[in-house]
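Protein chains: 2
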Amino acid sequence: MTSIERPASPRHTRQRAEIRQAVEEQEGFATAQEIHDRMRHDGSGVGLATVYRTLQGLAATGEVDAIRTPDGQVAYRTCSPGHHHHLICRSCGRTVEVSIPSLEAQVRALAAEQGFAEVEHALEFYGTCTECARA
Amino acid sequence: MTSIERPASPRHTRQRAEIRQAVEEQEGFATAQEIHDRMRHDGSGVGLATVYRTLQGLAATGEVDAIRTPDGQVAYRTCSPGHHHHLICRSCGRTVEVSIPSLEAQVRALAAEQGFAEVEHALEFYGTCTECARA
DNA sequence: TTGAAGATGAGAATGATTCCCATGAAGATT
DNA sequence: AATCTTCATGGGAATCATTCTCATCTTCAA
Ligand SMILES: [Mn+2]
Ligand SMILES: [Mn+2]
Ligand SMILES: [Zn+2]
Ligand SMILES: [Zn+2]
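So this is what it looks like as structure tokens:
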């Protein structure tokens, strides 16, 4: 039998480095297009498709977090390691990482109770931060 | 000053009735396109745009629940009233409604703690149900 | 240095959702 | 019931984020 293809470790390229840096510099979440725009504005010539591909890759390995915004777009951000969720300001994008240990426990309990396996969950909070509240 | 436009109560039309019924009959969540397909298959001549518009309206009034699937599409379902979340089977679509009182409390606490206002959250669980597990 | 496996970029293609607008119905008013 | 105003409908075009294609570079192991 042939062995199952294992994803080779990604190659180190200038583009990948630039993209990684762009995501690290930014505050809050940004979409592939927004990141690409900023890179372009800063003189980079990286292609949009490459930004999409690379961000997906980084998200797959957990190097960056990906969420789906309420309007359906995917947004990325460099986050602290480990499982956590986000409290995001709808108007300015300010993001606070939050972890809810008791929730994680209940999720496992509920899943087991219902006989569900391999349960994943995505939880994001959207609100208005103090700053934006007075405006 | 002019009064702010208030959304007039929607008119009762054959299409709206058909769509409402289609959503009620279905099990689990379905996208506008899936619902439209099924209606078409059952002899209805309702237009796709109308299905999209109507489902959005029903979701806005809370008459149906709308969620965004992991792959980005919007799916609808008739649910029991009140705030709750869903445990959804990735392969067969079977859906279980769950409510997590302690989570709701912590959300309010976290929001207040961080000074965020008008915080909303969406939480859905995706897993494999017992049935689909043995297959 | 070479070559094979990958990565890139430009533009085309996709696909869900929204828009547009001419036409058809709902419902309030005579 | 006839009329009128307003909203709803539908079908096809338009959007727009994301993915795909593929010819052309790069990386990196040998
Ligand atoms: Mn985070
Ligand atoms: Mn429900
Ligand atoms: Zn803010
Ligand atoms: Zn199942």
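Line by line, the protein sequences are chains A and B. The first sequence runs 1 to 135 under the numbering used here. The second sequence runs 1001 to 1135 under the numbering used here. Note that CB positions come from ideal geometry on N, CA and C, so glycine has one too.
Checklist entry - Which of helix, strand or coil does DSSP assign to A1022(B)? => result Helix, per DSSP.
Item to check | Element boundaries [alpha helix (DSSP H), containing V107(A)] | outcome: Here the alpha helix (DSSP H) through V107(A) covers P101 to Q114.
Item to check | Under 9 angstroms from the C-beta of I1100(B): neighbouring residues of chain A | outcome: Going along chain A in sequence order, the residues near I1100(B) (Cβ under 9 angstroms) are L103, Q106, V107 and L110.
Checklist entry - Using the beta carbon as the reference atom, which residues fall closer than 6 angstroms to any heavy atom of ligand 4, ordered along the chain? => result Cβ-based neighbours of ligand 4 within the cut-off: C1089(B), S1091(B), C1092(B), R1094(B), C1129(B), E1131(B) and C1132(B).
Checklist entry - Three-state secondary structure (DSSP) at A135(A)? => result Note: A135(A) maps to coil in three-state DSSP.
Item to check | Residue ranges of each beta strand (DSSP E) within the region 40-83 of chain A, 3 or longer | outcome: Runs of the beta strand (DSSP E) inside the region 40-83 of chain A: 65-68 and 74-77.
Item to check | Through-space distance from Q56(A) to V1098(B), alpha-carbon basis | outcome: Answer to the nearest angstrom: the Cα atoms are 31 angstroms apart.
Checklist entry - Which of the three DSSP states, helix, strand or coil, is assigned to T130(A)? => result DSSP places T130(A) in helix when its eight states are reduced to three.
Next on the checklist: Judging by CA-CA distance, which residue of S102(A), V74(A), T69(A) and M39(A) is the nearest neighbour of H83(A)?
Outcome noted: It is S102(A) whose Cα lies nearest to the Cα of H83(A).
Checklist entry - Would you report the Cα separation of H1121(B) and A1059(B), rounded to the nearest angstrom? => result Their backbone Cα atoms lie some 16 angstroms apart in a straight line.
Checklist entry - How about F1116(B): is its C-beta nearer than 8 angstroms to some C-beta of chain A? => result Chain A contact via Cβ: present.
Checklist entry - Taking all protein chains shown into account, do 16 or more other C-beta atoms lie within 10 angstroms of the C-beta of G1127(B), making it buried, or fewer, making it exposed? => result Classification of G1127(B): buried, given that the 10 Å Cβ count is 16 or more.
Item to check | Bridge partner(s) assigned by DSSP for F125(A) | outcome: In the DSSP assignment, F125(A) forms a beta bridge with L87(A) and H1121(B).
Checklist entry - Roughly how many whole angstroms lie between the Cα atoms of S80(A) and V96(A)? => result The alpha-carbon atoms of S80(A) and V96(A) are separated by roughly 11 angstroms.
Next on the checklist: According to DSSP, is E27(A) part of a helix, a strand, or is it coil?
Outcome noted: Three-state DSSP puts E27(A) in coil, outside helix and strand.
Item to check | Proximity winner among Q1114(B), R1016(B) and A1135(B), relative to R94(A) (alpha-carbon distances) | outcome: Minimum Cα distance to R94(A) is reached at Q1114(B).
Checklist entry - So, is E1005(B) buried or exposed, given that buried needs 16 or more other C-beta atoms within 10 angstroms? => result Below a pLDDT of 50, predicted positions are generally treated as unreliable, and E1005(B), at 41, falls in that range; no measurement from the model is reported.
Checklist entry - Mapping DSSP to helix, strand and coil, what is Q15(A)? => result Here DSSP, grouped into helix, strand and coil, assigns Q15(A) to helix.
Item to check | Span separating the alpha-carbon of D65(A) from that of E1034(B) | outcome: Approximately 30 angstroms between the Cα atoms of the pair.
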